[in-house]
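Protein chains in written order, with this note's numbering: chain X, 1 to 268; chain R, 269 to 718. Glycine residues also receive a C-beta, built at the ideal position from the N, C-alpha and C atoms. Computed from a predicted structure; not experimentally measured. Before any comments, here is the structure.
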Amino acid sequence: MDAISRNNVTVSGPLDGPVVMLAHGFGCDQNMWRLVVPMLAERFRVVLFDYVGAGRSDPSAWDAQRYASLDGYAADVLDICADLDLSEVVFVGHSVSAMVGVLAAARRPDRFGKLVMVAPSPRYIDDPEAGYAGGFSAADIDELLESLDSNYLGWSAAMAPVIMGNPERPELGEELTNSFCATDPDMAAVFARTTFLSDSRGDLASVTVPTLVLECAQDVIAPRQVGAYVHAAIPGSRLITLNATGHCPQLSAPEATGAAIVEFAAAR
Amino acid sequence: MMCETTDGGPEQDIGADSTDAGGGGEDANEAELAQFSALLEDSAEDLYEHAPCGYLSTLMDGRIAKINTTLVDWLGYTRAQLLGRKRFADLLTMGGKLYHETHFAPLLAMQGQVSGIALELKAADGSRLPVLVTSQVKTGSDGQPMLIRTTVVDARDRRAYENELLRARRHAEQVGAQAEQARAEAEHARQAAEIEHARLRQVMAILQSSLLPPELPRVPGMEAAAYYHTASADQLGGDFYDLFALGQGQWGFFLGDVCGKGPQAAAITSLTRYTLRAAFQHASDPVAALDTLNTALHDRYSGADPRYCTAIAGTLSPHGGTLRVTVASGGHPPALLLRGDGAAEYLPTPGGLLVGIMPHPHFTTATTVLNPGDTMLLYTDGLTEARTADGPRYSEDHLHAFAQTLAPAGAQQTISVLTGLLESFGNGLDDDTALLALGNPAAHTDPESA
């Protein structure tokens with residue numbers, strides 16, 4: 001199967017522009033980038049996609065074993081690069097996708113020109129022995145998985161019509177149950193586990209392309225000390241701390257986020 | 269569930285009810301309505317503070333700007349501990365925070381509203397309060413988001429119920445997984461059994477072939493052919509035959525049928541075959557050979573587990589272009605002679621006793637001469653007791669009639685035609701069957717012939 005339809009790839013912006021690929025993290029899909037895409041598409045060829053198991057990706061392509069490791073998600077990225085024959089890609093990965101980008105670039109350095117790591121964390125669970133504070137305990141992650149389960153019952157019915165903005169047309173909600181941010185709970189659970197139980201600290205040293213670390217001033221999931229860790233582990237990387245709260249600066253501070261990406265991606 | 273009412277409100281609901289109920293006396297209704305409105309107008313602040321649900325307003329970064337008394341009481345904090353000091357996400361469990369950051373906040377930012385999300389609040393004393401949360405972004409007149417309004421509904425009962433549903437679902441999944449595992453295990457066992465079965469068949473085939481000569485020897489001036497039909501690949505058969513040189517141009521042969529099937533019958537078959545061969549080497553006398561076999565079987569298997577067989581044994585001596593035949597039979601069906609002139613006849617050996625059953629049996633002998641074109645057929649009762657397609661058993665009479673139409677025929681031809689006959693019985697051939705044909709060829713073409 002081609003990755004274009006499997007991963008619901010959408011491309012905007014000038015066809016001959018430098019390529020900026022935006023990769024969503026755990027929890028939602030390519031819609032996460034909606035507020036920064038218009039700014040980027042003015043001068044870049046913007047590639048958006050949904051990982052298999054998220055958004056409008058093809059559910060038949062789901063493979064619990066493949067997606068039980070970040071390598072499976074990196075393979076999605078490389079499949080898309082191959083299908084579109086991309087090179088010199090500026091890969092912008094949000095949250096766990098920042099590490100997916102690191103893995104993909106290590107496997108195929110010829111495809112990637114730069115990395116932008118938005119609110120990255122190479123390991124979410126504390127590692128006291130190594131003096132590493134990821135911010136979470138293993139029990140916290142179990143609690144998140146419970147939260148996913150708790151919202152399984154009410155999720156699609158309650159959310160979908162609201163999301164669509166057409167509460168008076170509930171049939172649209174039916175359609176949305178399988179699309180917008182409302183992933184299959186089993187697939188979401190696998191992605192959650194893969195994300196929050198991963199430890200990619202050892203992969204950071206493999207990064208050789210120019211890298212920008214974009215962190216938020218207040219972020220529970222990727223706190224400041226983690227941003228500093230990533231910055232220190234990637235030689236020559238730049239660190240920008242956005243004056244933003246939460247884990248999704250592309251939504252809470254889209255102008256600043258978009259401007260930082262444009263400035264970094266355009267720089268020679 | 270007053271808190272979930274968005275447009276209008278309780279005021280309007282009451283008004284609507286009154287109107288519906290109204291028949292006459294509209295003035296009275298209007299007065300009543302005005303009275304209610306006044307009452308509610310006075311208590312708007314009270315309604316906010318003491319509503320049966322929690323109200324919370326935060327700045328866009330989540331900092332709490334306003335909170336009602338109900339929620340303050342649920343949480344067990346003082347208002348001062350919360351206002352401006354805590355963010356909404358600070359009130360959540362760690363798992364809830366992760367969920368808030370990865371699902372709730374992004375959706376709220378994208379849609380301006382999120383409703384009915386199940387979360388747990390962490391109270392000051394560490395206890396947890398399951399709630400359903402709905403949030404809405406309030407925008408200013410310029411369309412810019414100003415603050416987030418959040419409604420928190422106590423969901424302890426509902427959560428308990430949902431947990432039961434989840435538990436039931438997990439249980440069902442577990443049972444399903446167990447069933448699937450059991451099915452997989454059964455499939456695995458079936459495959460293992462199949463492999464084991466194939467291995468057993470292979471062992472059987474090797475054992476079976478060890479009970480028969482690998483191939484018949486070439487005998488100068490004589491044509492020999494044999495066929496062995498195994499009724500079941502899962503059972504060792506008890507039929508046997510052999511053809512071997514006795515020296516001075518003489519040949520010995522035998523064919524027989526051990527009673528029973530399976531490994532024990534196979535053991536007897538092996539014993540029988542080697543005993544007969546050894547006896548023939550000792551004295552080229554078919555009766556003596558059967559006597560020796562009788563002694564061996566009777567001594568070894570008398571008592572509670574008697575074992576016996578039927579057998580026909582004999583010698584062949586070339587004599588001026590003919591073959592002189594002597595046979596002795598121990599309870600075995602008679603040999604069948606297909607003459608070169610087209611006739612067919614049995615070589616009767618009546619009255620011979622089963623081998624191994626009596627201490628001192630008497631075995632019947634017979635002699636004949638095979639002239640050029642003559643063939644002698646030895647067979648086991650698998651052939652003459654096969655069920656035909658029409659129903660009745662095949663018989664010695666049927667075989668005799670068949671031989672009459674077949675003769676004259678060489679040994680090879682006789683065996684191949686009879687093989688075809690056996691195949692035509694299909695499932696009717698339910699016993700092992702051995703065939704051995706010895707013939708004096710019509711025209712001597714064998715260069716080794718004298």
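The segment 512 to 529 of chain R makes no contact with the segment 451 to 467 of chain R; the number of CB pairs closer than 8 Å stays below 3. Interface residue (Cβ-Cβ distance to chain X less than 7 Å): E369(R) is classified as such.
When C-alpha distances from D649(R) are compared across E430(R), A499(R), M490(R), the shortest belongs to A499(R). With respect to the 7 Å criterion, G101(X) and L78(X) are not classified as neighbours on the basis of their beta carbons. The three-state secondary structure of N431(R), taken from DSSP, is helix.
When the beta-carbon positions are compared, T583(R) and G489(R) stay at least 7 Å from each other. DSSP places M117(X) in the uninterrupted beta strand (DSSP E) bounded by 112 to 118. In the DSSP annotation of this structure, the continuous segment of the beta strand (DSSP E) that includes V11(X) starts and ends at 10 to 12. When rounded, the separation of the alpha-carbon atoms in A233(X) and L204(X) is 6 Å. Per DSSP, M21(X) is not a residue of any alpha helix (DSSP H); the beta strand (DSSP E) it occupies stretches across 19 to 23.
The C-beta distance from H497(R) to D700(R) rounds to 6 Å, short enough to fall under 8 Å. Note that the segment 119 to 133 of chain X touches the segment 187 to 202 of chain X; at least 3 beta-carbon pairs, one per stretch, sit closer than 8 Å. Close to G696(R), with beta-carbon spacing below 9 Å, lies no residue of chain X; the smallest spacing is near 53 Å. The three-state reading of DSSP puts D422(R) in strand, counting E and B together. At a beta-carbon threshold of 8 Å, none of the residues of chain X lie near M472(R); the nearest stands roughly 42 Å away. Chain-order list of chain X residues neighbouring K365(R): V220, by C-beta distance under 7 Å.
Between the C-alpha atoms of A450(R) and Q459(R) there is a straight-line separation of about 14 Å.
By the neighbour-count criterion, in which 16 or more other beta carbons inside 10 Å mark a residue as buried, H247(X) falls on the buried side.
The C-beta distance from P709(R) to E664(R) rounds to 26 Å, too long to fall under 8 Å, and the pair is not in contact. The C-beta distance from G364(R) to W342(R) rounds to 15 Å, too long to meet the 8 Å contact threshold.
Proximity of chain R to C248(X) at the Cβ level (cut-off 9 Å) is accounted for by E369, T370, A373, P374, A377, in chain order. Among the residues facing chain R, S57(X) is not included, as its CB has no counterpart in that chain under 7 Å away. Taking a contact as a CB-CB distance under 8 Å, the pair A654(R) and L606(R) does not count as one, their CB atoms being some 20 Å apart. Every unbroken stretch of the alpha helix (DSSP H) spanning 4 or more residues and falling wholly within the segment 291 to 343 of chain R is given here in chain order: 294 to 310, 312 to 318, 337 to 343. Contact between A119(X) and L148(X) is absent: CB atoms are separated by about 20 Å, not below the 8 Å threshold. Residues of chain X whose Cβ lies closer than 9 Å to the Cβ of D329(R) are, in chain order, Q218, A244, T245, G246, S252.
Judged by pairs of C-beta atoms under 8 Å, the segment 465 to 478 of chain R does not touch the segment 666 to 686 of chain R, as fewer than three such pairs exist.
DSSP places G524(R) in the strand class (E or B) of the three-state scheme. Between V37(X) and V47(X) the beta-carbon gap is near 11 Å, outside 8 Å, which marks them as no contact. Burial check for S69(X): the Cβ neighbour count within 10 Å stays below 16, so the residue is exposed. In the DSSP assignment, E491(R) is bridged to G707(R). Straight-line spacing of the CA atoms in G25(X) and S305(R) works out to 50 Å. Taking the Cα positions, P413(R) is about 53 Å away from A447(R). Burial state of T682(R) is buried, judged by a 10 Å Cβ sphere holding 16 or more other Cβ atoms.
Between the alpha carbons of R107(X) and S325(R) lies a distance of about 47 Å. Setting aside the 5 residues that flank it on each side, F112(X) is surrounded in the same chain by V89, F91, A105, V209, each with a C-beta closer than 6 Å to its C-beta; the list follows chain order.
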